[in-house]
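Each residue of the sequence shown is one higher than the one before, counting from 190 in our numbering.
First the structure, in the form of structure tokens, and then the observations on it.
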Amino acid sequence: MTVKIGLVGKPNVGKSTIFSAMTRSHADIANYPFTTLKPNVGVTYIETQCPHTEIGKQCNPREGYCENGIRHVPIEIIDVPGLIPGASQGKGMGNEFLDNLRDSEALCHIIDGSGLTAPDGTPTPARRKPWEDIDTIEGEIKQWLADRIYRDWEKFARKADSSGEKPDRSLHRKIASFGLTEKQVSLIFSRGSFPARFMLWTEEDAMRFSEVIFEFMKPVFRIANKADNMDPDAREELLQKYSGLYLVSGEFELAFEKALKSGMIKGGPRDFEITGNASRQQSAALDRIREFFKDPGITLISQIMGMIVQEKLGYVIVFPVVDESTWEDNKGNVLPDALLMPSGSTALDLAFKIHTEIGEGFIRAVDCRTRRVIGKDHVLANSDIIRIVSKTR
Ligand SMILES: Nc1nc2c(ncn2[C@@H]2O[C@H](COP(=O)(O)OP(=O)(O)OP(=O)(O)O)[C@@H](O)[C@H]2O)c(=O)[nH]1
Ligand SMILES: [Mg+2]
190 MTVKIGLVGK PNVGKSTIFS AMTRSHADIA NYPFTTLKPN VGVTYIETQC
240 PHTEIGKQCN PREGYCENGI RHVPIEIIDV PGLIPGASQG KGMGNEFLDN
290 LRDSEALCHI IDGSGLTAPD GTPTPARRKP WEDIDTIEGE IKQWLADRIY
340 RDWEKFARKA DSSGEKPDRS LHRKIASFGL TEKQVSLIFS RGSFPARFML
390 WTEEDAMRFS EVIFEFMKPV FRIANKADNM DPDAREELLQ KYSGLYLVSG
440 EFELAFEKAL KSGMIKGGPR DFEITGNASR QQSAALDRIR EFFKDPGITL
490 ISQIMGMIVQ EKLGYVIVFP VVDESTWEDN KGNVLPDALL MPSGSTALDL
540 AFKIHTEIGE GFIRAVDCRT RRVIGKDHVL ANSDIIRIVS KTR
């Protein structure tokens, strides 16, 4: 299972534009609400130095690719229709489609930095404050989660209360699809002083429970798009209110990617040169784009997922191999797998990730750089190359 990240937000803020820039694929983009009617699923890549450069052999990635010694590890991006106030009661497109984000590791809340869209996504002539709709939209997402947890509650409560099973275990089974472990559910359950009998839970209890779960398992990263058209005072105030918020321009980044692909320019977004045939108008637009990206306050969409997945969520990239000296699998492929593992994962977690049988038959692991034997509780570090020795192989 790959890491999944969802893009959410009100309509017309540029979710599909950002999705297209990230995945280098085409999604429908237009200046009106509800351009996206069904979730778009695409792939983008997290970059890391590939260890193949250390042994002077080219790697053979099974997934993703390697370019100039940089390994590109795939993750999944999901772009969903826009949310409007009242979506949880079915307004707009409703919020059923958020079920596609059930097992996502995190959400990126895209907001309109320019402030030129109303709460329902229709263009407005006068600027609104870019943060005005943040709480409403995140409230709708919380409501979605609470509704899912509370769905068929009575039936569940009757059965669980009379089963004699530990309540946290029953509860875990009910919400397992959200990606929580039983231990995490037990922790939330014991800390929040919830009624031990499910029949006694009120809707407020379910709401309170889902709020904690939301914070726990759906970290929200806020991204202000349309930073190319932002009021400078509003920008300052927004960054003061929301530390850690990223400023991006989906439109400029997509235009840069297109120009690069067509051979009109060479280089990176902050320092490219015009090398192909560009009209005067195109040159002027490209100059504006380069100037914009020179601003150190702007984050590149192509780098945002690396920042979120590795730095903020703490995922590490680990390379499992079968041969500790050649760093190959049993078919002679060099460093075939690069796996994203959650922060704190151990050698045993890696064994289970490769295959349940390998986990169950775990004997020991080897750190292939030092050739030292490591135990099952050894916490994995980024770029570790690990051989798992198991009864089954
Ligand atoms: N100025 C500016 N406009 C942008 C930017 N990104 C997107 N837009 C424009 O904003 C409008 C909406 O873009 P979409 O990507 O369709 O927005 P969305 O959030 O997917 O919209 P829905 O699918 O309707 O929810 C289009 O007219 C885009 O060209 C940006 O970075 N800057
Ligand atoms: Mg869209």
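We treat Cβ as the ideally placed atom computed from N, Cα and C, and that holds for glycine.
Under the criterion of beta carbons closer than 8 Å, residue 535 and residue 568 qualify as touching, at roughly 6 Å. Residue pairing by DSSP places residue 295 opposite 194 in a beta bridge. For residue 221, same chain residues with a beta-carbon under 7 Å away, outside a window of 5 residues either side, are 201 in chain order. In the three-state reduction of the DSSP assignment, residue 530 falls in the strand class, which pools E and B. In the structure shown, the three-state DSSP call for residue 425 is helix. DSSP, reduced to helix, strand and coil, places residue 507 within a strand of the structure shown. In the DSSP assignment, residue 517 falls outside any beta strand (DSSP E) and carries neither an H nor an E.
Contact annotation, residue 235 with residue 499: C-beta distance approximately 7 Å; criterion of less than 8 Å satisfied. The nearest non-hydrogen atom of ligand 1 is less than 7 Å from the C-beta of residue 224. When DSSP states are grouped into helix, strand and coil, residue 218 belongs to the coil group. By the criterion of a C-beta distance shorter than 7 Å, residue 263 is surrounded in its chain by 191, 232, 234, 252 and 253, once the five residues flanking it on both sides are discounted. Collapsing the DSSP output to three states places residue 437 in coil. Here residue 330 is not bridged, per DSSP, to any residue. In the same chain as residue 563, and ignoring 5 residues on each side of it, the C-beta atoms closer than 6 Å to its own belong to 536, 554 and 556, in chain order.
Taking every protein chain shown into account, the CB of residue 416 has 16 or more other CB atoms within 10 angstroms, so this residue is buried. Closest by C-alpha distance to residue 203, out of 250, 257, 272 and 245, is 272.
Here DSSP, grouped into helix, strand and coil, assigns residue 201 to coil. Under the criterion of beta carbons closer than 8 Å, residue 302 and residue 413 qualify as touching, at roughly 4 Å.
Residue state for residue 247 is assigned as coil, using DSSP reduced to three classes. In this structure, residue 381 lies near residue 398, with their beta-carbon atoms less than 8 Å apart. The segment 364-378 makes no contact with the segment 388-395: fewer than 3 CB pairs, one atom from each, lie closer than 8 Å. For residue 289, the three-state secondary structure derived from DSSP is helix. In summary, residue 552 is exposed, with fewer than 16 beta-carbon neighbours lying within 10 Å of its beta-carbon over all protein chains present. Under the three-state reduction of DSSP, residue 558 is assigned to coil, being neither helix nor strand. Counted as a single uninterrupted DSSP element, the stretch harbouring residue 237 is not any alpha helix (DSSP H) but the beta strand (DSSP E) occupying residues 229-238. A check of alpha carbon separations from residue 407 across 418, 226 and 297 identifies 297 as the nearest.
Using a cutoff of 7 Å, the CB of residue 415 does not count as near ligand 2, since none of the ligand's heavy atoms is closer than that. Of the heavy atoms belonging to ligand 2, at least one sits nearer than 7 Å to the Cβ of residue 268. If you compare the alpha carbons of 466, 320, 443 and 439 with that of residue 452, the shortest gap goes to 466. Here the segment 303-323 makes contact with the segment 425-435; the two share three or more CB pairs at distances below 8 Å.
For residue 401, the enclosing alpha helix (DSSP H) starts and ends at 392-406. In the DSSP annotation of this structure, the continuous segment of the alpha helix (DSSP H) that includes residue 538 starts and ends at 536-543.
Short of 6 Å from the beta carbon of residue 411, and not among the five residues preceding or following it, lie these beta carbons of its own chain, in chain order: 298, 431 and 434. Assigned with DSSP and collapsed to three states, residue 576 falls in strand. When C-beta atoms of the segment 222-230 are compared with those of the segment 457-475, fewer than three pairs fall below 8 Å, so the two segments do not count as touching.
With contacts defined as CB atoms closer than 8 Å, residue 442 and residue 493 fail to qualify as a contacting pair.
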